[in-house]
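The sequence shown begins at 5 in this note's numbering and counts up one residue at a time.
Glycine residues also receive a C-beta, built at the ideal position from the N, C-alpha and C atoms.
Keep in mind the model is a prediction, meaning the values are calculated, not measured.
Accompanying notes for the structure given below.
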Amino acid sequence: MGPDVPLLNDYKQEFFLKRFPQTVLGGPRFKLGYCAPPYIYVNQIILFLTPWVWGGVGTLLFQLGVVKDYCTAVISGGLMFVTALALQVTNLYAKQKTVTVERMQIQNPLADEDEFEFSSCVGSETVKFIIPGKKYIINTVFHSFLAGVLCGLGTWYLLPNRITLLYGNIGGTVVIFVFGWVTICIGEYSLIINTATETATFQALDTYEITALMRPFYIFVFIAVDLAHRFAANTPILEQTNQILHILFLFLPFLWAMGILPPLDALFLWGMEQLLEFGLGGSPMSSNTKLLVMFLISAGTAIASYFIPNTLGVILFMTGFGFILSLNLSEIGLAFKHTMISHLASSKPKNEQRGLRIQFGWREFLFYLTVLTFALMEASLLHRFAGSSSFSQASPQAIASYILILLLIIMWILREIQRVYLFGVFRNPFYPKDVRTVTVFMEKQRRLMKVGVVRRILLTLVSPFAMIAFLSLDRSLQNLHSVSVCIGFTRIFRMVWQNTENALLDIVIVSIAQMLVFNPELWWNRSLDTGLRLLLVGLIRDRLLQFVSKLHFALAILLTSWTEKKQRRKSTATLITLNIVFFPVLLALIAISALLSSPLLPLFTLPVFLVGFPRPVRSWPGPVGAAACVCPDTVYYQQLVPSLAVALQTALATGSLGLSLPGSHYLCRFQDRLIWILVLEKGFTYCGLNIKGLELQETSCHAAEAHRVDEIFETAFEHQEHTKILSPNPHFGHILTPCTVVPVRLYSDARNVLSGIIDSHDHLKHLKDDFIKVLVWMLVQYCYKKSKTLESPGSADKNKQGSFPENQHSSAVERSRALREDSFSVDTVEDWTDDSDTFDSEPSGRTKDRKEPGQLGPTPKVHLSIPGSVETQSQDFPQEMSPEDKIYRAVVLGLPAVGKGKQPEVLPQIEFSCSYSELLSIPEEWRTAPVPPSKVSEMRQRFPEEWYHFVLSQLDFFHLKEKPSNLLADLMEDKALKDLYIHGVLSCCFGLFGLDNTVPAPSHVFRAYTGGIPWSVGLDWLTDKPELFQLALKAFRYTFKLMVDKASLGPVENFEELVNYLEEYDSAWYIGLVSDLEWQQAVLQEKPYLFSLGHDPSMGIYTGRVLTLQELLVQVGKLNAEAVRGQWANLSWELLYATNDDEERYSIQAHPVLLRNLTVQAADPPLGYPVYSSELLQLPLL
């Protein structure tokens, strides 16, 4: 797909041009795409201006001195409330009228999907088109009341004399009055008439009609500031704020149209997250419920600290609650709940599989209790005996500052030397070179692991206690009942544990500033205490890092739009020129985006940048891991995630993944698997992750980006022997920076072309003989395992019954029949009657006479007659025949002769020479295959008697309490038992290969492996014995794998080696098809090896696929979080607002630097399509 693919196709362009004006104006539809009567537009204009009319009435009465200003608000609001309620009642009446009188209308399929037929100016169709109405009656009343309040307060807000008092300028008053009322009209129309689709869309569905409240809410915010200024007139800051907001009020329609202001749900979630993180020292949470609960608890803690009467109590309270709230309280609560339930029930707790959970027990409890005790003791003692001294170069607090500076430098160095690139720029000389195998890597990384352990101890224990010492010695804590002290110190005492690395950096910056700035008159020292300084530094640090990341993202888009030829569009040169000319504007947009902590939105991922609306750090509204595009490839991610989580636990604890904060994104790569990791929350000794698996079926775009990812990782980890020390990162500037490799237990995938094996005559001519041997071994093993359930030889007759349930069909049987649907089948023959007794010996009822697959009965008696003769029903013939017997009668004449005369009605009783032979006797119905005696004689000659004796000699019969010493010898000499196995083997060969002795063709081998052989009498007989068919199919697949192994590893030397092969296949392999349900179960059960046979019709080749479970190295890299958030913001805008779901759209095409296609895949459904998404994984980092 070329770079000049349309951003929007023709239909979507027309749709967008109709939708965007509606969004700008708040809902009026003036561009319909078809011809509508003029009154449609006139009615909408009248309704749009109605709030202005009622507001104008109130304003005029006030200006004439008839009423007071507050009476003006009441009059305008009352009129608007009555009008809004009347409009909603009109809509309800129109809907009721339409439902009562229904008219048949012929739909024109060629008409536009939203075309309406209007009958009159106030007709029901007109009313329903202009005023869609509300879904809920309560919203009808509530929104109408809100519309009245909005109009009344808006009138008060825009009174001309009020505006003149603010600015003292008549011209400015007129401008603000006119355009201010346009803003109010837009808000009113969106609230009560027709809610416009917002460019800032967070939820895919607006279930509770919250979108209608968005614009009125922001208007109320501006009015609230004005009301505060009215009642606190002597506050200069309020007056200045009110003046600024009156001007900004005019630009609200622009902010709404550009999608800068967030919808209400995103606004409140983002606001709580920002207050929790920067105001209260917490961490973003993985769910809305946890966020709300943690916000309320944290806010309550800060408020409670205000009322504590002495400084020592404040210190102890802040230290204790700061530590407790930084723990994983949800997991601790679950552990406590399960413990209490188990004690109350007086039973052991059930081991529920709830994903990777923290094992919180007595050891963890004692560790946390010890740390809390020492923290409280340290804080109280230092504050009591050394907390009153002022800061100086030799004060205790200054000494603590020196220790913290040293700790920061040491931890920074220890963290960076564990990554493959120092600061993402220069190659790390200490990192192991050319890491390709687990053993070599682990051997080389032992020293770095020791470094990681040292760093973890410093981070978990030393640094928090050093910071508590610094804070406890601060004089600001002497100021009781101070709001700034309560907020600032509550935050930092918690952040010491919740986000230790950033807290250490903030305290070091503040302590250095204190050492350099001693002027007491400076604003920094005069107006701010230490808590507020730390809050301000933390906020600046976060926003500055966001600014750098967003600038990196913007420059990457700007440069690659020209340097990457496939991204170079006709408009690229113009866009680059505009960005260069207006680069200060671009920097301002990036700065605003960073200040709001909102994504930088590249429109269609072009160098056209907008400020996205603020949203939570996890970017999506739904619960974590709630949805994924599940497919057969999902099991590979389900299998590896537990092992990957353990490996990530070690990497996060040692610091080899860099500074991991909530909102950090990582990408893992192994063979064809791409794993996306998002850090959701983090606290003291725990981290919450979401792991997603991307599709394995690579499209061209997916393959192009995956190839670049492979190139980046190979350069970093596999080609290090050719690089110099401290050589630069050749892919610096890419949004992916390699971090490290982690050992993970997963499946390696090897695919081989079987040309020269499956099509080799030398190999295929031995296939049948090997199949007979494998089948003999499998039948003996089957009967031997069943004999273990029998207590004595006399009960061996139970063995004659099949063990499959009557209604259970194997997947292989179903597949075999499905692949033969177009062939001659039982049902088609059963229908072949002419309603007479001439050829039918039974009623033609199908359902009542059909035997279940597992149902057994006597062998049917076969009647042979001369073609063309008439045969009547015999007394000896059974009165009921199954459809299978009918088809045998219908087509048996075309088969080779099966002998002279009539076959006996039932099988004769078999007399074994050894009484224990009954234990190994195969079920009776497995010996009823319609094969001629000549084939039985031929099979006796081909039967591998020596192999048969060897297989019997391997049996031990330990489960028998009493057995003769010569048991195995007697079994080998029992000819009747051998004849049973000859018949059983012949039956399976007849079903799979037919009666001829030709060498099977590769196509037949493939169809036999997959269970898709064309219909035949033998196969139909075999598939009616599901258990035997499964054994035969399994034996054939083992035989095929044996043929591949013999071609690859050499011939089998003796019987013992062959048995070893078969036992290994049985215990360590799953040999089948990728599409089998058993294949997925084998992957989840972590079977050591899996083998599958495939065929590529386009190339005409057969392929073998082998999965091997082993511990291998998975490469991990860190992504630019702002690049991911920006592309996800564009995806949300493009799909939810522009509805641009074209699979070939520009914004989903491959971009090797931005990884655009992979980023889109990793988004939450329905916008993205990961094949796997885990629930929240809580990783303990102790």
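In the DSSP assignment, residue 755 falls within the beta strand (DSSP E) that extends over 740–757. Of the residues assessed, residue 160 falls on the buried side of the cut-off, its CB having 16 or more other CB atoms within 10 angstroms.
Within the model, the alpha-carbon separation for residue 183 versus residue 668 is close to 43 Å. Taking 4 residues as the minimum length, the alpha helix (DSSP H) runs contained wholly in the stretch 1124–1149 are 1125–1136, in order along the chain. The three-state reading of DSSP puts residue 164 in helix, counting H, G and I together. Bounds of the alpha helix (DSSP H) holding residue 641 are 638–658.
Cβ contact annotation for residue 541 (same chain, cutoff 7 Å, sequence separation greater than five): 510, 513 and 514, in chain order.
Residue 1164 is positioned such that its CB atom lies closer than 8 Å to that of residue 1135. The beta carbon of residue 407 sits closer than 7 Å to the beta carbons of 470 from its chain, once the five residues preceding and following it are set aside; these are given in chain order.
The Cβ neighbour count for residue 165, taken over all protein chains shown within 10 Å, is under 16; the residue is labelled exposed. Note on geometry: alpha-carbon atoms of residue 576 and residue 433 lie some 40 Å from one another.
DSSP places residue 992 in the uninterrupted alpha helix (DSSP H) bounded by 979–997. Sorting 97, 707, 712 and 156 by C-alpha distance to the C-alpha of residue 127 places 97 at the top.
The three-state reading of DSSP puts residue 703 in coil, since its state is none of H, G, I, E or B.
The straight-line gap separating the alpha-carbon atoms of residue 397 and residue 741 is approximately 41 Å. Where residue 545 is concerned, there is no enclosing beta strand (DSSP E), although the alpha helix (DSSP H) around it starts and stops at 534–567. Only residues of its own chain outside the window of five on either side were considered, and among them 1043, 1046 and 1047 have a CB closer than 8 Å to the CB of residue 774, listed in chain order. According to the DSSP assignment, residue 1049 belongs to the alpha helix (DSSP H) that extends over 1030–1053.
In this structure the stretch 703–721 lies against the stretch 1155–1172, because at least three pairs of beta carbons, one per stretch, are closer than 8 Å. One alpha carbon belongs to residue 214, the other to residue 1038, and they sit about 59 Å apart.
Going by DSSP, residue 1076 is part of the beta strand (DSSP E) stretching over 1073–1076. Around the beta carbon of residue 74, a 10 Å sphere encloses fewer than 16 other beta carbons of the protein chains shown; the residue is thus reported as exposed.
By the neighbour-count criterion, in which 16 or more other beta carbons inside 10 Å mark a residue as buried, residue 461 falls on the exposed side. By DSSP's assignment, residue 691 forms a beta bridge with 686 and 1183. With distances taken between CA atoms, residue 553 lies nearest to 1130 out of 1078, 1186, 1130 and 151.
Around the beta carbon of residue 308, a 10 Å sphere encloses fewer than 16 other beta carbons of the protein chains shown; the residue is thus reported as exposed. Residue range 1093–1100 is occupied by the beta strand (DSSP E) that includes residue 1093. Assignment of beta-bridge partners to residue 674 by DSSP yields 677. Judged by DSSP secondary structure, residue 468 falls within the alpha helix (DSSP H) whose first and last residues are 467–476. Contact between the stretch 53–64 and the stretch 73–91 is present: three or more C-beta pairs spanning the two stretches fall below 8 Å.
Beta-carbon to beta-carbon, residue 784 and residue 956 are separated by about 7 Å, close enough to satisfy the 8 Å threshold.
Pairing residue 751 with residue 643 gives a Cβ-Cβ distance under 8 Å. Going by DSSP, residue 927 is part of no beta strand (DSSP E) at all; its letter is neither H nor E. For the 8 Å CB-CB criterion, residue 148 and residue 30 do not form a contact. By the C-beta density criterion, residue 86 is exposed, having fewer than 16 other C-beta atoms within 10 angstroms. Distance from residue 329 to residue 498 at the Cβ level is roughly 6 Å; contact confirmed, criterion being Cβ atoms closer than 8 Å.
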